[in-house]
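Order-wise, the sequence lines are chains A and B.
Heads up, the first sequence is in this note's numbering, so the first residue is 122 and it goes up one at a time.
Heads up, the second sequence is in this note's numbering, so the first residue is 939 and it goes up one at a time.
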Amino acid sequence: MEERPSLIAPVATAIVVVAAWWFLVPLLGINPRYLPSLSTVVADGLSIRSDLVAGFWRTFVETALGFLVGSLIGFAVGVVFAYIPILERAFLPILVAAQTIPVIAFGAIVVIWFGNTILAKVVIAFYLSFFPVTVATIRGLETVDRDRENLMRSFGASGRQIFLKLALPTALPLIMVGLKIGVSFSLAGAIVGEFFGDTVGLGVLLIQALYFEQVPRIWVLIVACAILGTIPYALLVLVERRWVWWRAE
Amino acid sequence: MPAEGLLALRNVWKRFHSGGTETVALHDVDFVIEPGQFVTLIGPSGCGKSTLFNIIAGLEEPDGDGSVLFQGQPQRHRDLLGKVSFMPQKDLLFPWRTVLDNAALALEIEGMPRKAARQKAAALFPEFGLQGFEKHYPRQLSGGMRQRVALMRTFLFERELLLLDEPFGALDALTRSMMQRWLLEIWARHRRTVLFITHDIDEAIFLGDRVIVMSARPGTVRCDERVDLPRPRSGEVMLTPQFLDVKRRLLAIVEEESRKTFSASA
Chain A
122 MEERPSLIAP VATAIVVVAA WWFLVPLLGI NPRYLPSLST VVADGLSIRS DLVAGFWRTF
182 VETALGFLVG SLIGFAVGVV FAYIPILERA FLPILVAAQT IPVIAFGAIV VIWFGNTILA
242 KVVIAFYLSF FPVTVATIRG LETVDRDREN LMRSFGASGR QIFLKLALPT ALPLIMVGLK
302 IGVSFSLAGA IVGEFFGDTV GLGVLLIQAL YFEQVPRIWV LIVACAILGT IPYALLVLVE
362 RRWVWWRAE
Chain B
939 MPAEGLLALR NVWKRFHSGG TETVALHDVD FVIEPGQFVT LIGPSGCGKS TLFNIIAGLE
999 EPDGDGSVLF QGQPQRHRDL LGKVSFMPQK DLLFPWRTVL DNAALALEIE GMPRKAARQK
1059 AAALFPEFGL QGFEKHYPRQ LSGGMRQRVA LMRTFLFERE LLLLDEPFGA LDALTRSMMQ
1119 RWLLEIWARH RRTVLFITHD IDEAIFLGDR VIVMSARPGT VRCDERVDLP RPRSGEVMLT
1179 PQFLDVKRRL LAIVEEESRK TFSASA
């Protein structure tokens, strides 16, 4: 809360990496097939900037929608499981088993169900992001201290008050961990969803670049995906620093 | 029905069953606390103090053969929840709440609007020696201060009976004796009924109008001794012959009971 980690170290590292990529890679004569220099990559990115911006936005929307729905439902399912153990015992193993299905196999079915729509991508992003949030919510609510709960009850607190004033704040640090995992998974889900066919999106550009072996293009898209993944993650970290700064005990 | 004081325990038993064996935690516990009294309760560890504490707080139910009466009314399971100001051994402050909001917790639960609850709690800060710390978080406070915040939270839950379970048990000796004197001052001003659980004989005699000594398990009331030391009491009182006399008698009983616990577990 009070100690604000300095940004100097990470920014300095980023500058060093960018500089090395820009100058060192051509200087060392590295085969561009393995790693093109950053200048080549930037030039390629600029040449397709309108497609890139449209694709970035589209994938961002899919990721955000999938993550929002996934985290809301994941949280709700987690709460229900935490308070009704019989449901957890009945359904959690099925969810775990479902999560082990490779997303590629699952994605094919989703595209057959929903067609090549944005909805199909959102559903895949949702599917990948809700599970970590569910598990984090269950584990977070399990850490609620019995003594504190008894204290609340002795003050005459209702179940609702115990949930809002004690259980939820206790669980929030772990739920934040689940959300950070969920948002990364959501991006992966959206990109994989786009592999099954669409016209706009970073995943679409990526699969095209793969077919035509446009190596600099692939690197453009890797950087774009990294930026797209970092933004929501950074937002969550800010939320955490500002509102969920206490640690689980 | 005759006057039953503020709290009356009548033939209270508590037996726990696990795997076919029965453990008797409390065995025919019987005592009455009069309104305004400061009663301390001591006993060897494992004598069922916490079980008794939970029963009086309404968190556990005694077995069917006894009864707990509060203001003359028999109490069933959970009836006592919300009727007794309860302070457990650990401070149990909420790390995400400021000191002020921790103190106001019980008021909020009672339905007081947050602003009014904060105002009411803030008024007590000088008396509890916490002025200027309203906006701090619990982890920024020392153990003694945290304990005072917890006590303030309990105090603000204005009930006739205050139930304190070794509130100073985790403090160093010096802080502890300061807190004891300070608690007596607060009590003199607010005059609530107090049941104070401790395992420190000096503390029990110094604070109490009455000291109840529990026996080794199964816990029952081994003796119930009036302490007629004049009030207000200062630290000096611990050196008077009268104090030492009471201490000598209680010490003999507590030691005898502790030995039983020790040989039973050895």
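Ideal Cβ positions, reconstructed from N, Cα and C, are used throughout, including at glycine.
Item	Value
Give the range of the beta strand (DSSP E) segment to which residue 222 of chain A is assigned.	Neither: residue 222 of chain A is in no beta strand (DSSP E) and is coded neither H nor E.
Residue 1100 of chain B lies in the beta strand (DSSP E); which residues open and close that run?	1099-1103
In terms of alpha-carbon separation, which member of B:1048, B:1008, B:1179 lies closest to residue 972 of chain B?	B:1008
The ligand ADP heavy atoms versus the CB of residue 305 of chain A: any closer than 8 angstroms?	No copy of the ligand ADP appears in this structure; indeed no ligand is present at all.
What distance in whole Å lies between the Cβ atoms of residue 195 of chain A and residue 258 of chain A, which are believed to be in contact at a cut-off of 8 angstroms?	7 angstroms
What is the rounded straight-line gap between the Cα of residue 947 of chain B and the Cα of residue 1091 of chain B?	26 angstroms
Can you find the residues in the same chain that come closer than 6 angstroms, C-beta to C-beta, to residue 998 of chain B, ignoring five residues on each side of it along the sequence?	992
When burial is assigned at 16 or more other CB atoms within 10 Å of the CB, is residue 1056 of chain B buried or exposed?	buried
Would you decide whether residue 1169 of chain B is buried or exposed? Buried here means 16 or more other CB atoms lie within 10 Å of its CB.	exposed
Is it buried or exposed, residue 165 of chain A, if we count other Cβ atoms within 10 angstroms and call 16 or more buried?	buried
Comparing alpha-carbon positions, which option in A:288, A:287, A:275, A:246 lies nearest residue 1099 of chain B?	A:275
Nearest to residue 1103 of chain B by alpha carbon, out of B:1111, B:1089, B:1094?	B:1089
Which residues does DSSP list as the beta-bridge partners of residue 1161 of chain B?	B:1151
If we cut at 9 angstroms on Cβ distances, does residue 1121 of chain B have a partner in chain A?	no
Evaluate the contact criterion for the segment 951-961 of chain B versus the segment 331-349 of chain A: three or more CB pairs, one atom per stretch, below 8 angstroms.	no
Reducing DSSP to helix, strand and coil, say where residue 967 of chain B ends up.	strand
Under 8 angstroms by Cβ, that's how I've got residue 945 of chain B and residue 994 of chain B pegged, so tell me the actual separation to the nearest angstrom.	7 angstroms
Pick out whichever of B:1127, B:1173, B:1157, B:1132 has its Cα sitting closest to the Cα of residue 1207 of chain B.	Missing from the structure shown is residue 1207 of chain B; chain B here goes from 939 to 1204 and no further.
Can you check the segment 1002-1030 of chain B for any beta strand (DSSP E) of at least 3 residues that lies completely inside it and give the ranges in chain order?	1005-1008, 1022-1025
Checking the sheet assignment: what are the DSSP bridge partners for residue 1135 of chain B?	B:979, B:1103
On a Cα-Cα basis, can you pick out the residue from A:137, A:159, A:188, A:138 that is closest to residue 147 of chain A?	A:159
Are the C-beta of residue 131 of chain A and some C-beta of chain B separated by less than 9 angstroms?	no
Smallest Cα separation from residue 238 of chain A: which of A:255, A:314, A:254?	A:314
Closest by CA to residue 1165 of chain B, which one among B:1116, B:952, B:975, B:966?	B:975
DSSP state of residue 959 of chain B, grouped into three classes?	strand
Return the Cβ separation of residue 309 of chain A and residue 249 of chain A in integer angstroms, given the expectation that the two are a contact with Cβ distance under 8 angstroms.	6 angstroms
Counting Cβ pairs, one atom from each stretch, are 3 or more of them under 8 angstroms apart for the segment 1148-1161 of chain B and the segment 980-989 of chain B?	yes
Select from A:341, A:357, A:367, A:356 the residue whose C-alpha is nearest the C-alpha of residue 169 of chain A.	A:341
If you measure between the beta carbons of residue 192 of chain A and residue 318 of chain A, is that distance less than 9 angstroms?	no
Using beta carbons (cut-off 9 angstroms, strictly below), is residue 992 of chain B in contact with chain A?	yes
Once the 5 residues before and after residue 206 of chain A are set aside, which same chain residues still bring their CB inside 8 angstroms of it?	none
Buried or exposed: which applies to residue 1023 of chain B, given that a residue is buried once 16 or more other Cβ atoms fall within 10 Å of its Cβ?	buried
Starting from the C-beta of residue 1149 of chain B, find all residues in its chain whose C-beta is less than 7 angstroms away, skip the five residues before and the five after it, and write them out in chain order.	978, 980, 1142, 1143, 1163, 1165, 1188
Alpha carbon to alpha carbon, how far is residue 185 of chain A from residue 221 of chain A? Give it in angstroms, no decimals.	23 angstroms
Pull up the CB-CB distance for residue 188 of chain A and residue 353 of chain A, whole angstroms please, since I reckon it's below 8 angstroms.	7 angstroms
Can you list, in chain order, the residues of its chain whose CB lies under 7 angstroms from that of residue 965 of chain B, leaving out five sequence neighbours each side?	951, 1156, 1157, 1158
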